[in-house]
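Data first, discussion second: the structure below is written as structure tokens.
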Amino acid sequence: MQRVWAIIGLVLIGIWGLVTLIFTAWKTSKRRDYADAFLEKYREFCNSLLDNEFNGELYQWLKLNSAKMQNDIGDYGVAKVYKPAGANYAFKNYQLIVNGIGTIRDLYNQFGDLRLGRGMIRDEILAIDDVILTYIGALDTELDDLFSQIKNPLIWIREGIRSIVTFPISFSYWTGLIQYRTYNKLSRNIITKILSFVLTFVGLIGTIITIVTGYIPFIDKVKKLVQTIN
Numbered sequence: 001m002q003r004v005w006a007i008i009g010l011v012l013i014g015i016w017g018l019v020t021l022i023f024t025a026w027k028t029s030k031r032r033d034y035a036d037a038f039l040e041k042y043r044e045f046c047n048s049l050l051d052n053e054f055n056g057e058l059y060q061w062l063k064l065n066s067a068k069m070q071n072d073i074g075d076y077g078v079a080k081v082y083k084p085a086g087a088n089y090a091f092k093n094y095q096l097i098v099n100g101i102g103t104i105r106d107l108y109n110q111f112g113d114l115r116l117g118r119g120m121i122r123d124e125i126l127a128i129d130d131v132i133l134t135y136i137g138a139l140d141t142e143l144d145d146l147f148s149q150i151k152n153p154l155i156w157i158r159e160g161i162r163s164i165v166t167f168p169i170s171f172s173y174w175t176g177l178i179q180y181r182t183y184n185k186l187s188r189n190i191i192t193k194i195l196s197f198v199l200t201f202v203g204l205i206g207t208i209i210t211i212v213t214g215y216i217p218f219i220d221k222v223k224k225l226v227q228t229i230n
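In UniProt numbering, the protein residues as written are 1 to 230.
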């Protein structure tokens with residue numbers, strides 16, 4: 001009976017791990033779709049700006065959504081030291097998305113008709129564009145990895161155990177209590193990884209022992225081995 005329960009437990013953990021992987025892939029895909037939409041509107045706004053046309057509607061949309069994009073993009077969108085185009089000063093921990101869009105508008109209002117000003121505007125535009133492209137590339141890599149894991153039943157079990165360990169973090173993210181940036185940092189924390197690895201290893205070994213020999217017979221064999229050594 002112990003073996004049956006062990007197998008059932010292993011299957012349930014595997015199913016939970018698969019569901020977790022599929023849900024994570026879905027959330028990642030949604031974030032990629034949002035990044036694509038943001039980049040499309042951003043480029044449309046910037047192209048009109050370079051044609052000496054300020055699109056107020058697109059600018060408003062970008063500003064309204066810049067905080068969400070900044071939160072999603074995380075560390076990719078933060079420059080440790082950033083010197084704005086044409087400036088003789090620099091910022092630390094500069095949030096490129098939130099601050100950069102307003103900076104582009106200010107540069108356009110001040111220098112839009114000047115050749116030097118257009119070069120400065122172009123530099124600011126490219127800085128944000130590169131950051132968003134890098135972020136989208138990272139999401140593509142993450143999705144490829146997730147789809148590969150979805151095909152591997154052994155990883156289902158690993159993810160099932162890990163998701164149980166990190167459930168409070170995952171639940172907070174799924175319900176919107178924490179942003180993806182915070183969730184990503186907490187779930188990738190070295191302590192979380194070590195705890196997940198230890199519990200996964202112990203859980204798998206214990207399940208295999210129960211299925212193959214049974215837990216009690218295994219303990220009896222260990223006791224006999226210890227007595228023999230003594």
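All C-beta atoms in this analysis are idealised placements derived from N, C-alpha and C, irrespective of residue type, glycine included.
None of the values given here were measured: they were computed from a predicted structure.
Practice task
Sort out for me which residues DSSP pairs Gln-95 with in a bridge.
Solution key: Val-78
Problem - Limits of the alpha helix (DSSP H) - the one that Asp-51 falls within - result: Neither: Asp-51 is in no alpha helix (DSSP H) and is coded neither H nor E.
Practice task
Quick one: give me the first and last residue of the alpha helix (DSSP H) that Lys-151 is part of.
Solution key: Note, Lys-151: premise wrong, no alpha helix (DSSP H); not H, not E.
Handout entry: Beta-carbon contacts of Gly-14 that lie in its chain and below 8 Å, excluding the five residues immediately before and after
Key = Pro-153, Trp-156, Ile-157 and Gly-160
Problem - Short Cβ contact (9 Å threshold) for Asn-93 with Ala-79 - result: yes
Handout entry: Helix, strand or coil at Tyr-59 [DSSP, three-state]
Key = helix
Problem - C-alpha distance - Ile-191 paired with Leu-21, whole-angstrom precision - result: 21 Å
Handout entry: Coarse secondary structure for Gly-176, derived from DSSP in three states
Key = coil
Exercise for the section: On a CA-only basis, which of Val-165, Asn-65, Gly-77 and Trp-174 is nearest Ile-136? Give me that one, please. Expected result: Gly-77
Practice task
Please report the Cβ distance between Ile-132 and Ala-35, rounded to the nearest whole angstrom; I am assuming they are in contact, meaning their Cβ atoms lie under 8 Å.
Solution key: 6 Å
Problem - Other residues of its chain near Ile-73: CB distance less than 6 Å, five sequence neighbours each side excluded - result: Tyr-135
Practice task
Excluding the 5 residues preceding and the 5 following Lys-63 in the sequence, name in chain order all residues of the same chain whose CB lies nearer than 8 Å to its CB.
Solution key: Ile-101 and Gly-102
Practice task
Could you check the C-alpha separation between Phe-38 and Leu-50 for me, to the nearest Å?
Solution key: 18 Å
Practice task
Reducing DSSP to helix, strand and coil, say where Ala-67 ends up.
Solution key: helix
Problem - From Phe-197, Ile-169 and Asp-129, residue whose alpha carbon lies closest to that of Met-69 - result: Asp-129
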